[in-house]
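First up is the structure itself, then whatever we jot down about it.
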Amino acid sequence: MIEKTYDAAAIEPRIYERWTEADAFRAGAGKRDGAPAFSIVIPPPNVTGSLHMGHALNNTLQDILVRFERMRGKDVLWQPGTDHAGIATQMVVERQMAAAGESQTRREMGREAFVERIWQWKAESGGRISEQLKRLGASLDWSRERFTMDEGLSEAVLEVFVRLFEEGLIYRDKRLVNWDPHFQTSISDLEVESREVDGHMWHFKYPLAGGETYEYVEKDADGAVILRETRDYISIATTRPETMLGDGAVAVHPSDERYAPIVGKLCEIPVGPKGQRRLVPIITDDYPDPDFGSGAVKITGAHDFNDYGVAKRNSIPLYRLMDETASMRSDGAPYAEAVELARAVREAGGTPDTAYVDTINLVPDEYRGLDRFEARRKIVEALNAEGSAIMVPETDPRLGAVKAPVAPEEGGEVRELVPLVEAKTIMQPFGDRSGVVIEPMLTDQWFVDAQTLAKPAIASVREERTKFVPKQWENTYFRWMEDIQPWCISRQLWWGHRIPAWYGPDGHVFVARSEEAANEAARVHYGSPAELTRDEDVLDTWFSSALWPFSTMGWPHETPEMEKYYPTSVLSTAFDIIFFWVARMMMMGLHFTGKEPFHTVYMHPLVRDKLGQKMSKSKGNGIDPLELIDEVGADALRFTLAALAVQGRDVKLDPARIAGYRNFCTKLWNATRFAQMNEARHGEDVDPSALTQPINRWIVTELSKAEREATAALEAFRFNDAAAILYRFVWNLFCDWYVELSKPTLGGDDAAAAEEVRRVTGFVLDRIFVLLHPFMPFVTEELWEETAPGRREALLCHTAWEGVPFAAPESASDINWLIELVSAIRSVRSEMNVPASAKVALVAISPDGTSADRLSRHGPQLVRLARLEEARISSDVPAQSAQIVVEGTTFAIPLAGVIDIEAEKARLAKAVSKNEAEVSRIDKKLGNEKFVANAPEEIVAQEREKREAYAAETASLKAALSRLQ
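Per this note's numbering, the sequence shown starts with residue 43, numbered consecutively.
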């Protein structure tokens, strides 16, 4: 007999140890002869990471698929491993050194010693997340666990880099990248966190060269002139005045008539010593928005991604203003000399050959070496003092809360005009690890020609050799892939795969598989040995993870794993890394193996809090899955996540829901205990066709139906549907109805009927353990063993998923009629507030032959289950009764003398009126375009959910009201 209560904390570690001892999850374990392979590679979590709710969801869904296919007899491999996480790991170890009070910094230690220190940390602490995945129940083949810097995977990275370089698909170039001033490295877009912050937009005058003037005319939407004046400047607006120093042009839209007279002319950047200020051209480009700001945009191509595009299209020079720490540059020639060099570049036409002029330092001497934000403050002060700011009345609505300092006029009077500085909420990029503002920076980096590699990957999805689930994510994939930019793969870090490139004395680059090969190539190139210097950079971690599906299988070597498990079957991942990982795996897999790395990409939902808000530390709304496992067990958490994983909809995780599914574990445990107490026959086959009792034929029919529907749902990645199907069958049909309906038989005088119930109870419970196992592996494996100790041929995780198809439609229809009728009677009792102790009559109004026959056969069950006084047939509808219809027959429940009918009608009508008023109020709010556009997304979603709930309750109340006659 199993224990009275299920103790997840005690049982789960023991069960996982049992699986480990049996090597239950090794590739191919439990496979049946002739079965195909099924493989998944885990999205490798960072080696520094710990289990968060996103990991819990994705790995639960993967594990459900893996256990499902393993039980179907397939040759399954779920490949585990971790990513070396360049920046994150380097940061963790540096912080650890600082916390330990070590005096040496990373740079003082030197590269070799520091990298060795990281390997030491990895050996001691790098396996934490793998152990946490075991607590979740993940059935990975741990014997094959890989690390992106393992020797084998490093060999694959080296081979891919060299081959791509030899094919001209990897090259070195100077381009704009995301630069993290704290770590002093380029970073990927995924490592950039855009945040809304309070900012300012300053408006300044760029004087026309030579004191030229023009007629500035501004019109309203109807073409009427609202402003006409003579100007000797063009007005620009900027949120980053410090970047004015690197402007290469001012751009306006070709259709903007206000500036047509001055297109092609030069204007002066109003910063720096007078007489030494630079002139830049006024050009046209489609990028500026005539309705935003002044409509004129300064183009600083070396410090803004949009400006970079404009500069490239128009051959505008790119001037780098900042060093690796994002301080204003202090190197190079003095400012006056730099301005002359820049003038020469401009007058030469700023051709692409001369566009990359970051050797010219255009920072005036007084700003050199300043932090970028300090330089901003000083530049704004200088511009205001000189009168270069656009001046507006203090009442100008654009000022908002900003009031810039004003200077007194002659005689001590305060001017009525103030500089135009708009208070604006701006999106600012921050490093997700460093927390500092990211600076777009023009630097020398290594790039992959992603455009070339993307073409076969696009064709693969268009031709449905790889499919996305849900399908709409294909559009996101296509949008990015068809406008893909060069992929920056170099990082200025020490931890990672070092780039296999060496430089000769003249800067010539030699890419080779080893230093010896590079030296030999240099000897041939120069005609004699030459001293080479190795590139200091390492590769982006996404480069090595792009190879994950085949590098983990042993590529570039021909291995049994490559032959058997590649291409993999499914990739399960989040939508936010379609670009960074999915697309790159597609590109690399096709290029190096000629095959798509996976046939299906399942995009799982994101996990949000119960209000639909994104979980974050700053909001304090994060949920720790390990704490939940401690509290309710892994099975309850897993089933909750599966039940909420609706395709195309984010998971709103309410801890109360998890507690509800813990009750489901308890329900299953108690039902099994009840079965044991009634001597259920576990571990025995049952021939459904030989069953004689209707309830037994019914429950096995429903079991077969649930298995069929759950299988179809899992095959379609509808995890929530599969969970709902099994929940309904287990809780409602088996634990509630079958157990209740079988009690009279178990306690009756018919020994044969009771024995059949015992055999069916054990058989159905065994099948329940099987069907629930992918979702709730711990409790089901425990019950599988404990209900037939020593008599099972295999672990539950290796037991066949498929049962014996069976359908007894007459018995199923008969019992489902009984259940529907009892449920309807119970609903009426609840809706009408009929006291639990009150017994009521049930009157069938002129039933057809089938219903009359059923009423006769199931009368005693009806009376017992629905707490009836009697069940009878009549041709007349009793007065003051509630009516229900089941399969075409009207049933009346007389309520006269049981409840106050009129009072009940009034109560229901009042509730309907109140709910309809709430629906109307919410409709009015949702009909307000400003509310929908400006309110946070989660607030709008909450209102819609409230409306649905009120509408559903109203429908239920109206139905109850309509039953009262």
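All C-beta atoms, glycine included, are put in the ideal place defined by N, C-alpha and C. These numbers come from a predicted model, not from an experiment.
Note: Glu257 is bridge-paired with Thr272 in the DSSP secondary-structure output. With contacts defined by Cβ atoms closer than 8 Å, Val460 and Val434 form a contacting pair. Only residues of its own chain outside the window of five on either side were considered, and among them His126 have a CB closer than 6 Å to the CB of Met191, listed in chain order. Under the three-state reduction of DSSP output, Thr575 falls in the strand class.
With respect to the 8 Å criterion, Glu946 and Thr996 are not classified as neighbours on the basis of their beta carbons. With a cutoff of 8 Å on beta-carbon distance, Cys530 and Ser228 are scored as near each other.
Across the set Gly725, Glu524, Gly392, Leu462, the C-alpha of Gly725 shows the shortest separation from the C-alpha of Arg801. Ranking Arg963, Thr635, Gln104, Met364 by CA distance to the CA of Gly179 puts Gln104 first.
Every beta strand (DSSP E) of 3 residues or more that sits fully in the region 486-563 is shown, in chain order, as 509-511, 543-545, 551-553. Counting only residues of its own chain and dropping the five nearest sequence neighbours on each side, Ser372 has a CB closer than 6 Å to the CB of Arg410, Gly411.
At the C-beta level, Leu182 and Ile278 stay beyond 8 Å of one another. Residues of the same chain with a CB within less than 8 Å of the CB of Thr396, apart from the 5 flanking positions on each side, are Pro359, Val387, Ala390 in chain order. Under the 10 Å beta carbon count, Gln146 is surrounded by fewer than 16 other beta carbons and is classified as exposed. Phe80 is a Cβ neighbour of Asp117, given a cutoff of 8 Å. In the three-state reduction of the DSSP assignment, Gln735 falls in the coil class.
Residue state for Asn100 is assigned as helix, using DSSP reduced to three classes. Here the alpha carbons of Ile432 and Val463 stand approximately 9 Å from one another. Assignment of beta-bridge partners to Lys247 by DSSP yields Ser277. For Pro55, the closest of Leu968, Arg680, Ser923, Ala676 by C-alpha to C-alpha distance is Ala676.
Thr401 has its alpha-carbon roughly 30 Å from the corresponding atom of Ala563. Out of Trp244, Lys956, Gln527, Thr743, the CA that lies nearest to the CA of Gly335 is found in Trp244. Met370 carries a strand assignment under DSSP once its states are collapsed to helix, strand and coil. Close CB contacts of Val940 within its chain, under the 7 Å cut and outside five residues either way in sequence, are with Val876, Ala880, Val882 (chain order). For Glu366, the closest of Ile311, Arg419, Ile500, Arg533 by C-alpha to C-alpha distance is Arg533. Going by DSSP, Met645 is part of the beta strand (DSSP E) stretching over 640-646. Taking a cut-off of 8 Å for Cβ pairs, the region 623-635 and the region 585-595 touch, as three or more such pairs fall below it.
Residue pairing for Pro461: DSSP places it in a beta bridge opposite Met433. By the criterion of at least three beta-carbon pairs nearer than 8 Å, the region 308-320 is in contact with the region 245-257.
In this structure, Val974 sits away from Val961, with a CB-CB distance that is not shorter than 8 Å. Beyond the five residues adjoining it in sequence on each side, Glu744 comes within less than 7 Å, by CB distance, of Phe771, Leu775, Ala854 in the same chain, given in chain order. When DSSP reads this structure, Gly123 sits in a beta bridge with Arg188.
For Gln925, the uninterrupted beta strand (DSSP E) run begins and ends at 923-928, by DSSP.
For a cut-off of 8 Å, the C-beta gap from Leu837 to Glu823 is around 7 Å, short enough to register as a contact.
In the structure shown, the three-state DSSP call for Ile358 is coil. Here the alpha carbons of Ser92 and Glu669 stand approximately 12 Å from one another. Taking 8 Å as the cut-off, the Cβ atoms of Arg896 and Asp856 count as close.
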